[in-house]
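Q: Residue numbers (my numbering): 826 to 1122.
Even for Gly, the Cβ is constructed at its ideal location relative to N, Cα and C.
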């Protein structure tokens, strides 16, 4: 389970996980990255050992084995019945060796615009705060049934209204899942409302690329920097600066690995005055220059 709550990353940078290369439930390259049904037996995603930023909604449930994962800097232990749901922009990390050899997960992925007739606003708010739940056996069986129905619809290539059937089936699945998910989010969300921690995290994910000073966030929350630092340290175990720097470092490593952006462009992306100061910042925490990190195997 998580040590603390977190928020997803509202990033404008290129997504890291390219779903067009995913193998679907039939073992073929996905023909429609707006909707995918697959599992870790069928598809070997390149998501282990480096940060990933997802560009769609991803729902994954563990059916066997264990894995330790990080979502937006919080650590979760995934086992049978564990359900992960990632909003677009979420940061994900699973290190080599952090999953058992028998680990198997089933997952679906879809773009929020793929299904019509549903507003994702309130749902995204919840999954940003609570990306992981541990279901009981009855709930787990229900979700497996939902997954299998979607998979069967997905694999029926000859249905004359295949896309329409898939979209409506997915819409029903979202509502069915919400019945289970809402039971886990109601109490937690009540405790989060109006807290300084929640407001700080909301503000942080909107402003970290432009503002790195504790005073900026304290001013926006109408409290002193000292009081904000005290709250964040007590609630999360990390300082305000730690939160800011970890966000910058996480996305920087993603950009270095997955894009051809020059260091100067990345420095500008995070509002550093020049590439030199950005390089010194990166090396201070990673013990490597940005180019050394990009070129290492």
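Here's a check: name, in chain order, each residue in its chain whose Cβ is nearer than 6 Å to the Cβ of residue 1119, leaving out the five neighbours to either side.
A: Closer than 6 Å at the Cβ level, and outside the excluded window around residue 1119, lie 1081.
Q: For the 8 Å Cβ check, are there 3 or more pairs between the region 923-931 and the region 884-892?
A: Taking 8 Å as the limit for Cβ pairs, the verdict is that the region 884-892 does touch the region 923-931.
Q: With a threshold of 16 other CB atoms inside 10 Å of the CB of residue 1034, please say whether the residue is buried or exposed.
A: Result: buried.
Q: For the beta strand (DSSP E) holding residue 939, just list the boundary residues, first then last.
A: Where residue 939 is concerned, there is no enclosing beta strand (DSSP E), given that its DSSP letter is neither H nor E.
Q: Whether or not the region 1100-1116 and the region 1057-1077 are in contact is what I'm after, with contact meaning three or more pairs of Cβ atoms, one per stretch, closer than 8 Å; do they touch?
A: Yes: the two stretches touch, three or more of their Cβ pairs being nearer than 8 Å.
Q: Take residue 1015 and list the residues in its own chain whose beta-carbon comes closer than 7 Å to its own, dropping the five residues that flank it on each side.
A: Because residue 1015 sits at a pLDDT of 48, beneath the cut-off of 50, its placement in the model cannot be relied upon, and the following sentence gives the value as read from the coordinates. None.
Q: Using only the heavy atoms of the ligand PLP, determine whether one of them is closer than 7 Å to the beta carbon of residue 962.
A: Looking at this structure, you won't find the ligand PLP or any other ligand, since it has none at all.
Q: Mapping the DSSP letters down to three states, classify residue 1044 as helix, strand or coil.
A: Of the three classes helix, strand and coil, the one that applies to residue 1044 here is helix, per DSSP.
Q: Name the DSSP beta bridge partners of residue 995, please?
A: According to DSSP, which records beta bridges pairwise, residue 995 is partnered with nothing at all.
Q: Roughly how many whole angstroms lie between the Cα atoms of residue 1060 and residue 1046?
A: Cα to Cα, residue 1060 sits roughly 16 Å from residue 1046.
Q: Can you give me the C-alpha to C-alpha distance between residue 999 and residue 887, rounded to a whole angstrom?
A: Distance between the alpha carbons of residue 999 and residue 887 is about 18 Å.
Q: Exposed or buried, residue 1004, counting other C-beta atoms within 10 Å across all chains shown (16 or more means buried)?
A: Its Cβ having fewer than 16 others within 10 Å, residue 1004 is exposed.
Q: Which residue comes first and which comes last in the alpha helix (DSSP H) that contains residue 1110?
A: Segment 1100-1111, the alpha helix (DSSP H) holding residue 1110.
Q: Can you tell which of 905, 873, 1069 and 882 has the C-alpha that lies nearest to the C-alpha of residue 966?
A: Comparing Cα positions, the closest option is 905.
Q: From 1032, 1030, 978 and 1025, pick the residue whose C-alpha is nearest to that of residue 1050; which is it?
A: Minimum Cα distance to residue 1050 is reached at 1025.
Q: Out of 919, 1097, 982 and 1100, state which residue places its alpha-carbon closest to the alpha-carbon of residue 873.
A: Looking at the Cα atoms, 919 is the closest of the given residues.
Q: How would you call residue 1062, buried or exposed, if buried means at least 16 neighbouring beta carbons within 10 angstroms?
A: Under this definition residue 1062 is an exposed residue.
Q: Three-state secondary structure (DSSP) at residue 1077?
A: The answer is helix: DSSP assigns residue 1077 an H, G or I state.
Q: Alpha carbon to alpha carbon, how far is residue 955 from residue 1010?
A: For residue 955 and residue 1010, the distance between alpha carbons rounds to 7 Å.
Q: Who are residue 917's beta bridge partners in DSSP?
A: Its beta-bridge partners are 877 and 896.
Q: I'd like to confirm the pairing. Which residues does DSSP put opposite residue 902 in its beta bridges?
A: According to DSSP, residue 902 bridges with 893.
Q: To the nearest angstrom, report how far apart residue 969 and residue 903 are at their CA atoms.
A: Rounded to the nearest angstrom, the two C-alpha atoms are 16 Å apart.
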